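Working notes, beginning with the structure itself.
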């Protein structure tokens with residue numbers, strides 16, 4: 476749940492910064508993230524979906540661009556690439 480929250484927060488902040496920089500009036504940006512896991516033997520597949528809720532009065536171009544920008548947040552970029560994870564004694 477913490478990972479989903481981090482992704483949602485990062486996405487919301489990224490979209491807010493982008494909309495503000497463009498001068499777009501976007502009073503509400505709603506982000507929820509869902510996760511589905513399936514297991515086949517030792518293999519676990521994880522699928523996360525970012526649900527972006529935007530005001531209805533935005534143009535189609537604005538909505539499309541904001542959904543594209545949602546994929547540019549640092550947490551999203553980290554998760555979409557293979558991660559090497561190690562544990563070491565400190």
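In our numbering, the protein residues as written are 476 to 565.
C-beta: ideal position from N, C-alpha, C; glycine also.
These numbers come from a predicted model, not from an experiment.
Identity of the residue in the options nearest residue i by Cα
i: residue 537; options: 499, 558 and 487; result: 499
i: residue 544; options: 556, 476, 492 and 521; result: 492
i: residue 530; options: 501, 563 and 476; result: 501
i: residue 476; options: 510, 564, 565 and 535; result: 510
i: residue 494; options: 557, 533 and 556; result: 533
Close beta carbons around residue i, own chain, < 8 angstroms, minus the five adjacent residues each side
i: residue 483; result: 506, 507, 508 and 525
Outcome for residue i when other beta-carbon atoms lying within 10 angstroms are tallied against a minimum of 16
i: residue 547; result: exposed
i: residue 513; result: exposed
Contacting residues, own chain, Cβ-Cβ under 7 angstroms from residue i (five flanking each side not counted)
i: residue 550; result: 481, 482 and 485
i: residue 487; result: 504 and 506
Rounded distance between the beta-carbons of residue j and residue i, thought under 8 angstroms
i: residue 490; j: residue 541; result: 6 angstroms
Residue i beta carbon near the ligand ZN (any heavy atom closer than 8 angstroms)
i: residue 478; result: Among the components of this structure there are no ligands whatsoever, and the ligand ZN is therefore not found.
Spatial neighbours of residue i in its chain, beta-carbon cut-off 6 angstroms, leaving aside the 5 residues before and after
i: residue 521; result: 512
Does the structure place the segment 519-536 close enough to the segment 493-505 that three or more beta carbon pairs sit under 8 angstroms? yes
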